[in-house]
Structure formats: structure tokens, C-alpha cells
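*Asks:* Dropping the structure in here first, questions after.
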Ligand code: NIG
Ligand code: FE
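In the numbering used here, the protein residues as written are 2 to 415.
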């Protein structure tokens, strides 16, 4: 199957060479081809260029993109989109004045979701999660990472990971699974936390790895959750089984999670709302990709990740949704893009780089996704008629997407 897009007003994120991520000043540059064509062959990008070089070929389908942008789909490198039920009542508790931490201390929060998940069958969880996955695909997401972490028993964690695997088999988008058994301490281990860490290390990690259910391993490294030592132990054990670290750090407090992640050769450190000068220094000297989650800050009214400073200091940055029932009940990467610009002072170029090529890198996917490059997967967003790409983050809250293509096939219009 061959699709020809012609008269594209702006073809965005065009990278001929193999760039796996962009950092610092380079994030301010978004390579754009004006008045362009693009050809897809089966599931890949086959060719593109300026309209005056359009090849004389027969296509199965032609799209006239006059006035429209074409760009790679969003790469959402941090979600918890497999869950059961919702936490609407906690939303109201927070409006009435309780904090995220206070709600968790009353048995709400992650443990609330874990209870609901424990009571739901694998099929129910699959059905609920499929709906969310279909929704984010329509919103332009073409690759997504999904974490476990609402199971908190060996059986329930495996159940979540099997749901992620089923989604990956059933849907055309790339899905990467992360084992997050270390998301919270379940009730029976309230006063014996190290024993829960033993369970993660001795039983959960080997079983997850044996069943080949995850590529990454995560922990919520935070006061009241997993300590730096516990996080390090879990990451080391994960490494023995080939699981690569991607860690929740510095959401509410800086306790040394960044340094633990660097020692664990993590691919990413995620959240980073609270950063000390030492954290900046250690992170900028490392190879670890920082991931900011602006819609989580928005929803919880907590500080935004100091992303402007990170980029000014030469670091790379990815942005992601954190889609989950407690701190971000939204998987909308378009909103993340706007919020990154409005609240973290990223330019549209920086935000688009953070949501595409760097998001792909944050999932080990930049070899096949994240840019308009010959041979990469044909995962594309065709916008409606808009004046320029800056309009995407600027006119927030409107849907600027006309059609989404995944692996060379348009999603059905809804
Ligand atoms: O990334 N901070 C830890 N985990 C999630 C929230 C999970 C929840 O509240 O259910 C987050 O914000
Ligand atoms: Fe998260």
C-alpha cells in the first residue's frame, strides 16, 4: 500500500540523518520542509521532498494536504494507562483542600487504585484500558510506554503486565511495558517495608523477566514511598534480568533519586518537579534523559519541572502525559505540548522535539520513530488547516488533528 501526501504546507521534524535525541540549543531547532510531498510504502516512510521534486508515481491513495502540517506522531514515554475504575472522589477531596499526600495517607491514592484493580478481572481491565488507548491514538499518540504498579501483589502485577502485552498485540502502535511493582507499599507490608522489597526482588522481578513481560523497571523514589537504598536494590536486581531503569524521582522532594538513577544506568528520570543545584549538576553530566510531565503539575497544582533551565544548561528533555487515575487523568499529548510552552516556557520547536524524537529516545524507539526520516515507521499526524506549527501549542484546547496514520494506515475517522 502506497500513500502520497502532496502540497503539505509544512513537513515537520524532517531528519535525514539518524539523530537519536536532541539537547540544549539544538532543541530550539525544528527542521521543516515547506510545500512538500511525502510517500509511504506499506508501514514505512519511503520518500519526501519539496513539491517541485515530486516523483511521477502511482499511489493507492492520494492526500491533498494544502494548508495542513504533517508531522511524526507523539511519543508518550510515561503512562499508567492500564488501571481499573477511576478516582473522581479524590478529585473532589483535593478541591476541598486535601493534598495528594494527605489523600494517600488516608488509604486513597495508589492503594485505592490497587484495591479496584485487585477486584477486576483481566478482561475488564483490558476493556477499560483499550478505550483509553484508542482515545490517545486519535489524539495523535503513535507510541506509548505503560507501567504496571496498581497490582502490588505478584499475581496482580503479572495480570497488569499481561494486559499491556495484549494491548501491544491487538493495536498497531508501539507499546513498551515497564514493571513498577515499587509504586507503593501494600497494606500487609505497612510495617515491614523491606519485606515488600524482598518480594519484588526475589519473586516479582524473576517472574516478570521469565515471562518476558517488561523491558523497563521503575520505582517511585520519594519520601514515604521507596527510599534511595530500596530503589537502588530494586534497580540492581532488575539489571540482573536485563530490565532497564526508568525512575519516578524528585516529584515532591529531592532525596537522591537522580543519583541512584545515574548509578543504575537509567534511560530516563521522570517528574523532576523539585530540583537542587546538585541535582542539576549530576544530571547534566550524565547520559540520562530527563522527562517532564506538565499535565501532572497542572492537575495536582504542584511546581512545574524547571525545564527552561534544563534546556538552557544544555540538557535534553522529553515530555509525556503520566496518564493515570490519580495525578493525571488525561492522555492528551496536545495538551502536554501547550502546557510545556505556557507553563514551562518551552518554545514550540522545543516542545515538539521533546514530544517526538526525545520521547522516542525515552522508550528506546528513536531508531524507528520520532522523526520524518526515510525508513522510519509511517506514524504521522495530518493537521487541519492551520497557519503554522506554532498554532498547535498556541491554540490550546482545540483539536487541530484531522487524521492520524499508524504504520502506513489511517485510523478510522470517529
Ligand atoms: O506518576 N507518583 C507516582 N505515580 C503516579 C501517580 C499514581 C497515582 O496517583 O495513581 C505519578 O504521578
Ligand atoms: Fe508516573
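All residues carry an ideal CB built from backbone N, CA and C; glycine is no exception.
(1) Nearest to residue 64 by alpha carbon, out of 107, 45, 8?
(2) Name the DSSP beta bridge partners of residue 378, please?
(3) Which first and last residues belong to the beta strand (DSSP E) in which residue 11 is found?
(4) Which residue's Cα is closest to the Cα of residue 1: 89, 178, 154?
(5) Using a Cβ-based criterion (distance less than 7 Å to any ligand heavy atom), does residue 313 qualify as near the ligand FE?
(6) Mind listing, in chain order, the continuous alpha helix (DSSP H) runs of no fewer than 4 residues lying wholly within the stretch 360–409?
(7) On a Cα-Cα basis, can you pick out the residue from 47, 345, 122, 219 that is closest to residue 303?
(8) Taking 8 Å as the cut-off, decide whether the C-beta atoms of residue 498 and residue 138 are in contact.
(9) Verify the contact flag: residue 323, CB atom, against every heavy atom of the ligand FE, threshold strictly below 7 Å.
(10) Here's the rule I'm using: 16 or more other beta-carbon atoms within 10 Å means buried, otherwise exposed. How should residue 96 be labelled?
(11) Pick helix, strand or coil for residue 293, following the three-state DSSP scheme.
(12) Given a threshold of 16 other Cβ atoms within 10 Å of its Cβ, counted over all protein chains shown, does residue 52 qualify as buried or as exposed?
(13) Runs of 3 residues minimum, wholly inside the stretch 236–303: which ones carry the beta strand (DSSP E) assignment?
(14) Would the stretch 122–139 count as touching the stretch 240–247 if we require 3 or more Cβ pairs under 8 Å?
(15) Residue 66 and residue 5 - do their beta-carbons sit closer together than 8 Å?
(16) Comparing C-alpha positions only, which one of 409, 19, 122 sits nearest to residue 161?
(17) Assign residue 115 to buried or exposed, taking buried as 16 or more other Cβ atoms, counted over all protein chains shown, within 10 Å of its Cβ.
(18) Considering Cα atoms alone, identify which of 360, 348, 99 is closest to residue 390.
(19) Shortest alpha-carbon distance to residue 77 belongs to which of 26, 141, 173?
(20) Please state whether DSSP places residue 316 in a helix, a strand or coil.
(21) I need the straight-line Cα distance from residue 308 to residue 270, nearest angstrom please.
(22) Is the separation between the beta-carbon of residue 423 and that of residue 384 shorter than 8 Å?
(23) Leaving out the 5 sequence neighbours to the left and right, which residues in its chain are closer than 6 Å to residue 188 when beta-carbon positions are compared?
(24) Quick check for students: name the residue ranges of the beta strand (DSSP E) that lie wholly in the stretch 43–114, counting only runs of 3 or more.
(25) Could you check what DSSP says for residue 176 in three-state terms: helix, strand or coil?
(26) Can you list, in chain order, the stretches of the alpha helix (DSSP H) that have 4 or more residues and sit fully within the stretch 133–195?
(27) In whole angstroms, what is the alpha-carbon distance linking residue 272 and residue 171?
(28) Have a look at 57, 120, 68, 75 and flag the residue whose alpha-carbon is nearest the alpha-carbon of residue 84.
(29) Alpha carbon to alpha carbon, how far is residue 401 from residue 410?
(30) Between residue 401 and the ligand FE, is there a pair consisting of the residue's CB and a ligand heavy atom that are separated by less than 7 Å?
*Replies:* On the basis of the supplied data:
(1) For this step, residue 64 is matched to residue 63 along the chain shown. Closest option to residue 64, Cα to Cα, is 8.
(2) Reading the chain shown from its first residue, position 377 is the one you call residue 378. Under DSSP, residue 378 takes part in a beta bridge, and its partners are 45.
(3) Here residue 11 is taken as the residue at index 10 of the chain shown, counted from 1. Residue 11 -> beta strand (DSSP E) spans 3–13.
(4) Not covered by the structure: residue 1. The range shown for the chain is 2 to 415.
(5) For the purposes of this step, residue 313 is identified with residue 312 of the chain shown, where counting begins at 1. No, the beta carbon of residue 313 sits no closer than 7 Å to any heavy atom of the ligand FE.
(6) Scanning the stretch 360–409 from its first residue to its last, the whole alpha helix (DSSP H) runs of 4-plus residues come out as 392–395.
(7) In the chain shown, counting from the first residue as 1, residue 303 sits at position 302. Selected option, being the one with the closest Cα: 345.
(8) Look at the range of the chain in this structure, 2 to 415, and you will see that residue 498 is not part of it.
(9) Against the chain shown, residue 323 aligns to sequence position 322. Yes, the beta carbon of residue 323 sits closer than 7 Å to at least one heavy atom of the ligand FE.
(10) Looking up residue 96 in the chain shown gives position 95. By the beta-carbon neighbour count (other beta carbons within 10 angstroms, threshold 16), residue 96 is exposed.
(11) The residue labelled residue 293 in the question sits at position 292 within the chain shown. In the displayed model, residue 293 falls within a strand according to three-state DSSP.
(12) Numbered from its first residue, the chain shown carries residue 52 at position 51. When all chains shown are included, residue 52 counts as exposed.
(13) Here the runs fully enclosed are 245–250, 269–272, 290–293.
(14) In short, these stretches do not touch, since the Cβ pair count stays below three.
(15) Locating residue 5 in the chain shown gives position 4, where the first residue counts as 1. Locating residue 66 in the chain shown gives position 65, where the first residue counts as 1. By the CB criterion at 8 Å, residue 5 and residue 66 fall outside the cutoff.
(16) Translated into positions along the chain shown, residue 161 becomes position 160. Ranking 409, 19, 122 by Cα distance to residue 161 puts 122 first.
(17) Taking the first residue of the chain shown as position 1, residue 115 is located at position 114. Flag for residue 115 reads buried.
(18) Reading the chain shown from its first residue, position 389 is the one you call residue 390. Comparing alpha-carbon positions, the option among 360, 348, 99 lying closest to residue 390 turns out to be 348.
(19) Indexing the chain shown from 1 puts residue 77 at position 76. Here the closest residue by C-alpha is 141.
(20) Taking the chain shown and counting its residues from 1, one reaches residue 316 at position 315. Of the three classes helix, strand and coil, the one that applies to residue 316 here is coil, per DSSP.
(21) Counted from its first residue, the chain shown places residue 308 at position 307. Counted from its first residue, the chain shown places residue 270 at position 269. Approximately 13 Å, taken between the alpha carbons.
(22) Outside the displayed range of the chain (2 to 415) lies residue 423, so it cannot be described from this structure.
(23) The count along the chain shown starts at 1 and reaches residue 188 at position 187. If we look at residue 188 and ignore the five residues flanking it on each side, it has no Cβ neighbours.
(24) Every beta strand (DSSP E) of 3 residues or more that sits fully in the stretch 43–114 is shown, in chain order, as 45–51, 62–65, 69–73, 75–77.
(25) Translated into positions along the chain shown, residue 176 becomes position 175. Three-state DSSP puts residue 176 in a strand.
(26) Within the stretch 133–195, the complete alpha helix (DSSP H) runs of at least 4 residues are 155–171.
(27) Here residue 272 refers to the residue found at position 271 when the chain shown is read from its first residue. Here residue 171 refers to the residue found at position 170 when the chain shown is read from its first residue. Those two C-alpha atoms are separated by around 30 Å.
(28) As a first step, residue 84 is located in the chain shown; it is residue number 83 there, counting from the start. Among 57, 120, 68, 75, the Cα nearest to that of residue 84 is on 120.
(29) The sequence position of residue 401 within the chain shown is 400, counting from 1. The sequence position of residue 410 within the chain shown is 409, counting from 1. A direct Cα-to-Cα measurement between residue 401 and residue 410 gives close to 19 Å.
(30) Along the chain shown, one-based indexing puts residue 401 at 400. Checking the Cβ of residue 401 against the ligand FE gives no.
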